[in-house]
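Taking it in order: structure first as structure tokens, then the write-up.
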Amino acid sequence: MRIAVITDDSKTISAHFGRAKYYEVFTIMENRVVEKETRPKANHRQFGKEEHDHTRESAHGTDPAAQNRHQKMMENISDCQVVIARGMGMGIHQSLSASGIRPILTNVEDIGSALDAFLAGTLVDHPEKLH
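In structure tokens form, the structure reads like this:
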């Protein structure tokens, strides 16, 4: 199993999926980490001048242009089964789920603590952190 954690500094979990610069990817075997790597992540800054649909008529990030951005953001984690973040839009949450990647939204800031909690089966998913 591979778990991707959204980060900007390789220590803390980013509060916003779309703005984060990196994925910390952990390979898990027999319920322990056997490999860790940092992967670049496409983010909102790279899509600068593209339109963002922030209307209240639809959930954030569900328009066709956003779905295209989400595909680019997910390219580097297509081999992962789980993504951990502290916040994300509804659109990327739906895109991850549709791709077979389980998104988990947590209150835990420290990557190591969140990973330990996930492996222990105690990491709580907070869907109220969707926007």
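Quick note on numbering: the sequence shown equals residues 105 to 235 in the numbering used here. Using N, Cα and C, we set each Cβ at its ideal position, and we do this for glycine too.
{"query": "For E141, count the other beta carbons within 10 Å of its own beta carbon; 16 or more makes it buried, fewer makes it exposed. Which is it?", "result": "exposed"}
{"query": "Where K233 and V212 are concerned, what is the direct C-alpha to C-alpha distance, given to the nearest angstrom?", "result": "12 Å"}
{"query": "7 Å is my cut-off, CB to CB: does P231 come that close to chain C?", "result": "Absent here is chain C; the protein component of the structure consists of one chain."}
{"query": "Helix, strand or coil for T159? Go by DSSP, reduced to three states.", "result": "Confidence in T159 is poor, its pLDDT being 49 and thus under 50, which makes the residue's placement unreliable; the coordinate value appears in the next sentence. Three-state result, T159: coil."}
{"query": "Let me know the secondary structure DSSP gives A119 once reduced to three states.", "result": "coil"}
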